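In the numbering used here, the protein residues as written are 141 to 212.
In structure tokens:
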């Protein structure tokens, strides 16, 4: 399964949800199916919106770093 960011030797996955490709009912359903598949595979997915990345990048980095810290 294709994801935005996968961190080697960890279960951490980061998905960035853009406004253009995550709005329709079909797109939202596909996102939910992907999230469920990631969880079923034992991965630890995090989702951030475009606004998270653009408006609060330090928060995105801090959240991701905290998730990765457990796997050092």
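Don't be surprised by glycine CBs; every beta carbon is placed ideally from N, CA and C.
These numbers come from a predicted model, not from an experiment.
For residue j and residue i, believed in contact at Cβ under 8 Å, the rounded distance
| i | j | result |
| --- | --- | --- |
| residue 210 | residue 186 | At roughly 13 Å, the Cβ-Cβ gap does not stay under 8 Å, so residue 210 and residue 186 are not in contact. |
| residue 201 | residue 192 | That pair is no contact at about 11 Å. |
Residues near residue i in its chain [Cβ-Cβ closer than 6 Å; skip 5 each side]
| i | result |
| --- | --- |
| residue 189 | 157 |
Residues bridged to residue i [DSSP beta-bridge criterion]
| i | result |
| --- | --- |
| residue 155 | 187 |
Among the options, nearest to residue i - alpha-carbon criterion
| i | options | result |
| --- | --- | --- |
| residue 154 | 141, 212, 195 | 141 |
Cβ-based neighbour list, residue i, same chain, cut-off 7 Å, excluding 5 preceding and 5 following
| i | result |
| --- | --- |
| residue 182 | 151 |
| residue 147 | 208 |
| residue 144 | 154, 155, 156 |
| residue 159 | 190 |
Contacting residues, own chain, Cβ-Cβ under 8 Å from residue i (five flanking each side not counted)
| i | result |
| --- | --- |
| residue 177 | 141 |
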